[in-house]
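So for the sequence shown, our numbering puts the first residue at 219; every next one is plus one.
All C-beta atoms in this analysis are idealised placements derived from N, C-alpha and C, irrespective of residue type, glycine included.
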Amino acid sequence: MDIPLNVDVYGPDGRIGHSTRIIINPISQAVTHLVVRDDTMLHTEYIVAVKHIKDSDSDMIRLDCTSQQLAKMEAFQEVEFVPTQVPHYEMLSSPGSTYAWPYVTAQQELHFVEVVHRHISPYERDIRRGAQVHAKNGRVGQVDELVVDKSTYHLTHLVLREGHLWGHKDVMIPVEAIEEISENDIHLKLDKKEIAALPTFPLHRHIQHLV
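See the structure below:
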């Protein structure tokens, strides 16, 4: 099953959102959730269990839940604005003077810092389209899609498309080649030469295996 990112998501009642990320358990390599952005509500994303994915191709994802059911699911993240005091230094001299310390005084100004809380388990990782992929000897591309075994929901391959070394083709990276996954980067066990030897596929193909 091909799980594309940054594509339209449909339910029984029509288009209900946009895919932004997947969430995986990096130990088992099992995909646990899809993150869907509700375009009717600004910056609202929901965590959708993979069991709700009915089918997908390279251009869209179909779920078995409606837009109303989606709106009742857990939000992917919440933004909190935390107040904090920031010192503001004010000159004690007249305008135009250039006195230095101790001729200045610090006054506290109230500012708000944006803190993002993600509603995923501490051991889980999210992968977004555009996450940077690095070989042992440098960057090789960006994540475009993911291939999942539909019977087990285990991630089997990453698909690189933009910015890699092999022209206008997709390169499928087996999950066994992943060394580490962080929020914005994926590090591989392979070097660029080994990656160049992997099978490549033309753009706009439809993955038919593992479905």
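Through-space distance from residue j to residue i, alpha-carbon basis
i: Q295; j: E394; result: 29 Å
i: V366; j: V254; result: 17 Å
i: L288; j: V266; result: 8 Å
i: I279; j: R239; result: 12 Å
i: E263; j: A414; result: 36 Å
i: Y228; j: I221; result: 13 Å
i: Q350; j: D257; result: 25 Å
i: R347; j: L223; result: 6 Å
i: K354; j: D226; result: 34 Å
i: L310; j: E401; result: Confidence in L310 is poor, its pLDDT being 49 and thus under 50, which makes the residue's placement too unreliable to answer from.
i: G232; j: H270; result: 15 Å
i: K387; j: C283; result: 34 Å
i: T418; j: T302; result: 51 Å
i: S369; j: I345; result: 21 Å
i: P244; j: E292; result: 21 Å
i: H352; j: I399; result: 10 Å
i: M259; j: S285; result: 12 Å
i: V249; j: P230; result: 23 Å
i: S276; j: V389; result: 15 Å
i: Y371; j: V268; result: 8 Å
Buried/exposed call for residue i, threshold 16 Cβ in 10 Å
i: H251; result: buried
i: P340; result: exposed
i: S274; result: buried
i: S197; result: Nothing about residue 197 can be read from this structure; the chain reaches only from 219 to 429.
i: G235; result: buried
i: S237; result: buried
i: M219; result: buried
i: Q360; result: buried
Element boundaries [beta strand (DSSP E), containing residue i]
i: I245; result: I245 -> no beta strand (DSSP E), and no H or E assigned at all.
i: E397; result: I396 to I399
i: I338; result: Neither: I338 is in no beta strand (DSSP E) and is coded neither H nor E.
i: E363; result: G356 to D367
Whole-number beta carbon distance between residue j and residue i, since they are thought to touch under 8 Å
i: E412; j: H405; result: Actually they do not touch by this definition, with Cβ atoms about 14 Å apart.
i: D362; j: R379; result: 4 Å
i: L373; j: I242; result: 6 Å
i: I391; j: L416; result: 7 Å
i: L281; j: K290; result: Incorrect: roughly 13 Å between the Cβ atoms, too far for contact.
i: K407; j: V358; result: Wrong, their Cβ atoms sit about 12 Å apart, outside the cutoff.
Residue i Cβ short of 8 Å to the ligand FMN heavy atom set
i: E327; result: The ligand FMN is absent from the structure shown, which contains no ligand whatsoever.
N- and C-terminal bounds of the alpha helix (DSSP H) containing residue i
i: L179; result: Residue 179 cannot be examined here, being either before or after the span of the chain that is shown, 219 to 429.
i: E412; result: K410 to A414
Chain D within 9 Å of residue i, Cβ atoms only
i: L364; result: Checking the listed chains, one finds no chain D in this structure; it contains a single protein chain.
Which full runs of the beta strand (DSSP E) of 3+ residues lie inside the stretch 252-284, going along the chain?
262-267, 271-274 and 278-281
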